[in-house]
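Numbering (this note's numbering), first residue to last: 5 to 163.
Listed below in structure tokens is the structure:
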């Protein structure tokens, strides 16, 4: 996706077909960081929706013990609206169910994004800061061959 925007910007870079097949280290890092940020944004949205579900649950539990004809107020797009409990309770339950469905969907997307990130890391041999030290300690203590160590030294290091 990022390669598309850069290739349309300058036609002269398209003549070198070698650049398109293997992106530069900066492009790899930028794409990896963008993918990580997308995953973080999904996790943040899931946390926000879970907090909203908890709030809905508290309100639903409170309103279930109240007389259905009693007045209650609901905030709709910044406007406080007077309704009855029997009108508000089904809407709250429906909103809670819809948020649960969105959370399930976002969790699935986040897991696929995690798999995509892992594949991307393996394809371009990306190591996170501090991760290489842990791997080096693990390899030296387990006595693995040096072939794996030299391979990781050629990768991209991301902070």
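Positions of the beta carbon are idealized from the N, C-alpha and C atoms, including for glycine.
Contact between residue 46 and residue 114 holds: CB atoms are separated by about 4 Å, below the 8 Å threshold. Under the three-pair Cβ rule at 8 Å, the region 120-131 does not count as touching the region 95-112.
Taking C-beta atoms as the reference points, residue 72 and residue 85 fail to come closer than 8 Å. In this structure, residue 33 keeps its C-beta atom at 8 Å or more from the C-beta atom of residue 133. Residue 92 carries a helical assignment under DSSP once its states are collapsed to helix, strand and coil. Using a Cβ distance threshold of 8 Å, residue 135 and residue 39 do not count as a contacting pair. Between residue 116 and residue 97, the alpha-carbon positions lie close to 29 Å from each other. At the C-beta level, residue 92 and residue 67 come within 8 Å of one another.
Judged by DSSP in its simplified three-state form, residue 32 adopts helix.
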